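In what follows, a structure is listed as structure tokens, so that the remarks can point back to it.
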């Protein structure tokens, strides 16, 4: 079994050329890092504002969240000048887990139920306003994470770019002191941002997700 992550930028037509260029540079850097860190993963940017990738199921949510926070933490020059921490760029992300019956070097030329689960659900999300979903062939898992990701959306919709920034570095397993040094703020400020972002709840969800993936899905089988 494989996980297919399909994502697109929210409201990308409203981005300035400068913001879109910066966002795409961030996406390219992040998917390159994910491909290096996780074996058998491959991602492609297409249509100028969309991402699709194949990865082992157990790493799919963590990787999706890394891409999301990498973009959410972005602060344009305009935002910096106005001292704004409003999130300027975001992703709609659909994870599909299943078989890949037709696999080519190009992800765009590959097909299978994992692609269908991911792609079809992303299309449905455009109508519902959801930002993170999971679809598998097991209804029990779908139901559990449909509710969990609804709560996840509620938490992340309240983030500032500062909150997303701290979560991004926590996902890279950096300690609070390391994050503080990187951002040039105190450790207590990092801890406050971590709590405000709901890190404990997100970590619990991520650990539950990875536990379920290990129990039910083995890469390639």
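Numbering (our numbering), first residue to last: 2 to 222.
Idealized CB from N, CA, C, for every residue including glycine.
In this text, all values refer to a predicted model and were calculated from it rather than measured experimentally.
Contacts around residue i, its chain only, beta-carbon distance under 7 Å, and the 5 residues preceding and following it disregarded
{"i": "residue 160", "result": "73, 88, 198"}
{"i": "residue 187", "result": "181"}
{"i": "residue 217", "result": "139, 142"}
{"i": "residue 172", "result": "63, 66, 67, 70"}
{"i": "residue 56", "result": "4, 6, 39, 42, 64"}
Pairwise C-alpha distance: residue j and residue i
{"i": "residue 167", "j": "residue 62", "result": "17 Å"}
{"i": "residue 222", "j": "residue 101", "result": "Here residue 222 scores only 46 on pLDDT, less than 50, and its place in the model is too uncertain to base an answer on."}
{"i": "residue 24", "j": "residue 75", "result": "8 Å"}
{"i": "residue 215", "j": "residue 21", "result": "36 Å"}
{"i": "residue 143", "j": "residue 118", "result": "11 Å"}
{"i": "residue 201", "j": "residue 213", "result": "18 Å"}
{"i": "residue 121", "j": "residue 190", "result": "41 Å"}
{"i": "residue 185", "j": "residue 179", "result": "10 Å"}
{"i": "residue 84", "j": "residue 11", "result": "23 Å"}
{"i": "residue 209", "j": "residue 17", "result": "38 Å"}
{"i": "residue 50", "j": "residue 148", "result": "27 Å"}
{"i": "residue 9", "j": "residue 129", "result": "15 Å"}
{"i": "residue 26", "j": "residue 48", "result": "15 Å"}
Neighbourhood of residue i by C-beta distance below 8 Å, restricted to the same chain and skipping five residues each side
{"i": "residue 80", "result": "86, 87, 89, 162"}
{"i": "residue 192", "result": "177"}
{"i": "residue 29", "result": "46"}
{"i": "residue 126", "result": "93, 95, 132, 134"}
{"i": "residue 207", "result": "62, 63, 66"}
Beta-carbon separation (whole angstroms), residue i vs residue j, contact threshold 8 Å
{"i": "residue 98", "j": "residue 2", "result": "6 Å"}
{"i": "residue 42", "j": "residue 54", "result": "7 Å"}
{"i": "residue 69", "j": "residue 46", "result": "Actually they are not in contact, since the Cβ atoms of residue 69 and residue 46 sit about 15 Å apart, beyond 8 Å."}
{"i": "residue 44", "j": "residue 37", "result": "At roughly 11 Å, the Cβ-Cβ gap does not stay under 8 Å, so residue 44 and residue 37 are not in contact."}
{"i": "residue 71", "j": "residue 31", "result": "5 Å"}
C-beta contact flag for residue i and residue j at 8 Å
{"i": "residue 14", "j": "residue 123", "result": "no"}
{"i": "residue 114", "j": "residue 138", "result": "yes"}
{"i": "residue 170", "j": "residue 67", "result": "no"}
{"i": "residue 158", "j": "residue 133", "result": "no"}
{"i": "residue 5", "j": "residue 150", "result": "no"}
{"i": "residue 39", "j": "residue 64", "result": "yes"}
{"i": "residue 135", "j": "residue 96", "result": "yes"}
Spatial neighbours of residue i in its chain, beta-carbon cut-off 6 Å, leaving aside the 5 residues before and after
{"i": "residue 211", "result": "59"}
{"i": "residue 195", "result": "167"}
{"i": "residue 156", "result": "199"}
{"i": "residue 146", "result": "135"}
Where the beta strand (DSSP E) through residue i begins and ends
{"i": "residue 44", "result": "43 to 47"}
{"i": "residue 133", "result": "133 to 136"}
{"i": "residue 95", "result": "92 to 99"}
{"i": "residue 37", "result": "Per DSSP, residue 37 belongs to no beta strand (DSSP E); it is in the alpha helix (DSSP H), 18 to 38."}
{"i": "residue 51", "result": "51 to 56"}
Endpoints, the alpha helix (DSSP H) within which residue i is located
{"i": "residue 11", "result": "Run containing residue 11: none; DSSP gives neither H nor E here."}
{"i": "residue 79", "result": "78 to 82"}
{"i": "residue 167", "result": "162 to 172"}
{"i": "residue 120", "result": "114 to 129"}
{"i": "residue 210", "result": "200 to 217"}
{"i": "residue 158", "result": "Neither: residue 158 is in no alpha helix (DSSP H) and is coded neither H nor E."}
{"i": "residue 196", "result": "188 to 197"}
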